[in-house]
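Trainee:
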Amino acid sequence: MDRFVPRDDAALALQSHRELANHEDPSVIASRAATWQSICLRDAPYTGLMENFDAIVIGAGAAGLFCAGQAGQRGLRILLIDHSAKVAEKIRISGGGRCNFTNTGTTHAQFLGENPNFCRSALARYTPQDFVDLLKRHGIGFHEKHKGQLFCDRSAQDIIDLLLAQCELGRVQRWQPCAVHDVACVDSLYRLQTDRGPVQARQLVVATGGLSIPKIGASDLGYRIARQFDLRVIPPRPALVPLVFEGSRWPDYPALAGVALPVRVSISAKAGKSREQAFEEDLLFTHRGLSGPAVLQISSYWQAGLPIRIALTPHRPGGESLQAALLAAKSVSRRKVANELAQYLPARLAEAWTLTDAKLQQAICDVPDKALGKLAQDLSQWELLPSGTEGYGKAEVTAGGVDTRELSSQTLESKQSGLYFIGEVVDVTGWLGGYNFQWAWASAHACAMALSRSSADA
Ligand code: FDA
């Protein structure tokens, strides 16, 4: 038998919000969030009765927590469900434990997807400054590290506590761990069968993220729900991921593991899209191939069969070309080529590179000018064909996802009325550097506003 619980009293939520807002002391907020977390983690008894909410959010990650908290604070009765025991694990491990939670330079230009303009609206309505203001209100310290990337001073846990506090303000109910077994839409109500029994709501938000790092809870549930309601999904693929090389012309990757250097890396998309995408960042050699920010960035644009190009000496002191420098060295030096090159490259890389050509294993004064010219050119246009990526186990994000043509860019609602998709499950993928969290906050915020408007209209 269905039991319909009346809508929660928005005044209570508001009162709780005001109480907490008066407590600017972050330790009070964190301790209340922790208490609330332990209450929520306790197994709720299964009554067998159908519970009713204004909206159900599946996925207690960055986007789900933020959306639930925002919608709850607008008086909606929200249920947040996650199959993992732990909350927001990706936030916890992000940014080396300090969470690169936004980027001050965020625009739509740092995102990829079939429609790169789709994210414009949500990003414009919830900006990095809005999230920074929220952190300031909660007394969370942060700093800029590199190119607009903002990190917590202390720990990523500060962001998790902030989101939990926001959910507490919104009196969000959280079922965790709790698996969702079935989703159906009957008479404009979304009915879910879960570990804790059936539950229903007029609005359903899917915030289940991508497929990256399956060992901490990633699943394809979001894509399955989309397909169930005849919404297209752009095939997901690992992104911001190390690239691997097998049988390439460079046999010495394992020997170079750990070598890092600043480079310019670029790729040109095929099939008529000749625009080059390039990044100037650090490159890192690994046991199986290449990683580091430069390669993670370019990996999001890489497709099987496409070569990448790396300039191993992108900027040289004084702007002098490498070829000119090597020819100048030839006239005054008797050192081996590798030793001369080690002024411009890590010594292990210089040594390994010159080993590939017998002419380069002698004193620089004995090497023909043509060979030095070719060496300089090869180093500035190293073209190589990745054989694959390290896969979802190592990918920071998943590119592809719910096709944005199925969604409203204003509200994130899909063509299936009352069904929303937010965060990484959508075909919107940010560069490395805090952009993916900013998309999570912005899409969650746009959706929460829409949930609230739609509930008020109902
Ligand atoms: P997110 O993955 O955060 O949350 C999805 C939630 O859904 C999870 O809690 C999961 O358990 C739950 N879920 C999945 N399937 C479910 C199911 N079947 N039933 C119920 N629940 C289910 N970005 C950035 O901007 N700055 C950074 O510093 C980093 N660093 C970083 C490091 C590492 C190692 C990784 C893997 C990723 C990053 N990222 C990042 C990317 C960032 O973490 C990511 O884009 C956001 O967490 C996406 O937020 P979502 O809420 O969409 O998904």
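If you count the sequence shown from 1, you need to add 30 to reach the working numbering.
Just so it is clear, CB atoms sit at the ideal spot from N, CA and C, and this is done for glycine as well.
Ends of the alpha helix (DSSP H) at Trp-383?
Mentor: Here the alpha helix (DSSP H) through Trp-383 covers 377 to 384.
Trainee: Within 10 Å of its beta-carbon, does Ser-361 have 16 or more other beta-carbons around it, so buried, or fewer, so exposed?
Mentor: Classification for Ser-361: exposed.
Trainee: Let me know if Ile-108 comes out buried or exposed under the rule of 16 or more other beta-carbons within 10 Å of its beta-carbon.
Mentor: Buried, since its Cβ has 16 or more Cβ neighbours within 10 Å.
Trainee: Is Asn-147 a contact residue of the ligand FDA, with contact defined as CB to any heavy atom under 8 Å?
Mentor: Not under cutoff, so the answer is no.
Trainee: What residue does the beta strand (DSSP E) around His-173 start on, and which one ends it?
Mentor: Here the beta strand (DSSP E) through His-173 covers 172 to 174.
Trainee: In whole angstroms, what separates the C-alpha of Ala-429 from that of Val-455?
Mentor: Their Cα atoms are separated by approximately 9 Å.
Trainee: The beta strand (DSSP E) with Tyr-220 in it runs from where to where?
Mentor: Tyr-220 -> beta strand (DSSP E) spans 219 to 224.
Trainee: Looking only at its chain, what residues have a beta carbon closer than 6 Å to the beta carbon of Gln-223, apart from the 5 residues adjacent to it on each side?
Mentor: Counting only Cβ-Cβ distances below 6 Å, and skipping sequence neighbours, we find His-211, Asp-212.
Trainee: Check this for me: beta carbons of Phe-172 and Leu-165, under 9 Å apart or not?
Mentor: For Phe-172 and Leu-165, yes; Cβs fall inside 9 Å.
Trainee: Short check: CB of Gln-446 to CB of Ala-476, under 9 Å?
Mentor: Cβ distance not < 9 Å, so Gln-446 and Ala-476 don't count as in contact.
Trainee: Pop quiz: Cys-97 and Val-235 are said to be a contact at Cβ under 8 Å. What is the actual Cβ separation, rounded to whole angstroms?
Mentor: Yes, they are in contact, since the Cβ atoms of Cys-97 and Val-235 sit about 6 Å apart, within 8 Å.
Trainee: Is Cys-197 helix, strand or coil by DSSP?
Mentor: DSSP places Cys-197 in helix when its eight states are reduced to three.
Trainee: Between which two residues does the beta strand (DSSP E) carrying Pro-228 extend?
Mentor: 227 to 236 is the extent of the beta strand (DSSP E) around Pro-228.
Trainee: When the Cα atoms are used, what is the spatial distance from Arg-254 to Thr-238?
Mentor: Cα to Cα, Arg-254 sits roughly 11 Å from Thr-238.
Trainee: Is the beta carbon of Arg-365 closer than 9 Å to that of Ala-358?
Mentor: No.
Trainee: With a threshold of 16 other CB atoms inside 10 Å of the CB of Gly-99, please say whether the residue is buried or exposed.
Mentor: Gly-99 is buried by the Cβ-count criterion.
Trainee: Verify whether the separation of the beta carbon atoms of Cys-182 and Asp-188 is less than 9 Å.
Mentor: Yes, Cβ-Cβ distance for Cys-182 and Asp-188 is below 9 Å.
Trainee: Confirm the yes/no value for this check: CB of Ile-340, any heavy atom of the ligand NAP, distance under 8 Å.
Mentor: Questions concerning the ligand NAP fall outside what the structure shown contains, since the ligands it does hold are the ligand FDA.
Trainee: In the DSSP assignment, what are the bridge partners of Lys-116?
Mentor: Paired residue(s): none; Lys-116 is not in a bridge.
Trainee: For the 8 Å Cβ check, are there 3 or more pairs between the segment 243 to 261 and the segment 126 to 140?
Mentor: As far as the Cβ criterion goes, the segment 243 to 261 does not touch the segment 126 to 140, which means the pair count is below three.
Trainee: Quick check on DSSP: helix, strand or coil for Ser-417?
Mentor: Reduced to three states, the DSSP call for Ser-417 is coil.
Trainee: Restricting to Cα atoms, I'd like to know which of Ala-486, Ser-485, Ala-488, Trp-471 is closest to Pro-158.
Mentor: Nearest C-alpha to Pro-158: Trp-471.
Trainee: Runs of 3 residues minimum, wholly inside the segment 276 to 339: which ones carry the beta strand (DSSP E) assignment?
Mentor: As far as the segment 276 to 339 is concerned, its whole beta strand (DSSP E) runs of at least 3 residues are 290 to 298, 306 to 315, 319 to 321.
Trainee: Could you tell me which uninterrupted alpha helix (DSSP H) segments, each at least 4 residues in length, are contained entirely in the segment 383 to 466, listed from first to last along the chain?
Mentor: Here the runs fully enclosed are 399 to 410.
Trainee: Less than 8 Å between C-beta atoms, sequence neighbours within five positions excluded: which residues of the same chain meet that for Trp-412?
Mentor: The residues are Arg-339, Ile-340, Ala-341, Leu-342.
Trainee: When you compare each of Lys-177, Leu-390, Ser-124 to Thr-136 by their alpha carbons, which one comes out closest?
Mentor: Considering only alpha carbons, the answer is Lys-177.
Trainee: Rounded to whole angstroms, how far is the Cβ of Ala-11 from the Cβ of Ala-269, which I believe are closer than 8 Å?
Mentor: Beyond the ends of the chain as shown, which are 31 and 488, falls residue 11; an answer cannot be given.
Trainee: How should Thr-386 be labelled, buried or exposed, when 16 other C-beta atoms within 10 angstroms of its C-beta is the threshold for buried?
Mentor: Per the 10 Å Cβ criterion, exposed.
Trainee: Just to confirm, are His-168 and Ala-195 a CB contact at a threshold of 9 Å?
Mentor: Yes; because the gap between Cβ atoms is below 9 Å, this pair is in contact.
Trainee: Closest to Leu-414 by CA distance: which of Ile-297, Gly-463, Lys-389 is it?
Mentor: Closest option to Leu-414, Cα to Cα, is Ile-297.
Trainee: Can you tell me whether Leu-314 is buried or exposed, with buried defined as 16 or more other CB within 10 angstroms of its CB?
Mentor: Looking at its Cβ environment, which holds 16 or more other Cβ atoms inside 10 Å, Leu-314 is buried.
Trainee: Since Trp-469 and Gln-327 are thought to touch, with beta carbons under 8 Å apart, how far apart are those beta carbons, to the nearest angstrom?
Mentor: Not quite, the Cβ-Cβ distance comes to about 16 Å (not below 8 Å), so this is no contact.
Trainee: What are the boundary residues of the alpha helix (DSSP H) that Glu-144 is part of?
Mentor: Element bounds for Glu-144: n/a, residue is neither H nor E.
Trainee: Three-state secondary structure (DSSP) at Gln-203?
Mentor: If DSSP states are grouped into helix, strand and coil, Gln-203 belongs with the strands.
Trainee: Run through DSSP, which three-state label would Trp-66 get?
Mentor: Any answer about Trp-66 is weak, because its pLDDT of 45 lies below 50 and its placement is not dependable; what the coordinates show is given next. Helix, per DSSP.
Trainee: In three-state terms, what does DSSP make of Arg-216?
Mentor: Note on residue identity: the sequence assigns Val, not Arg, to residue 216. In the structure shown, Val-216 sits in a strand (DSSP, three-state: E or B).
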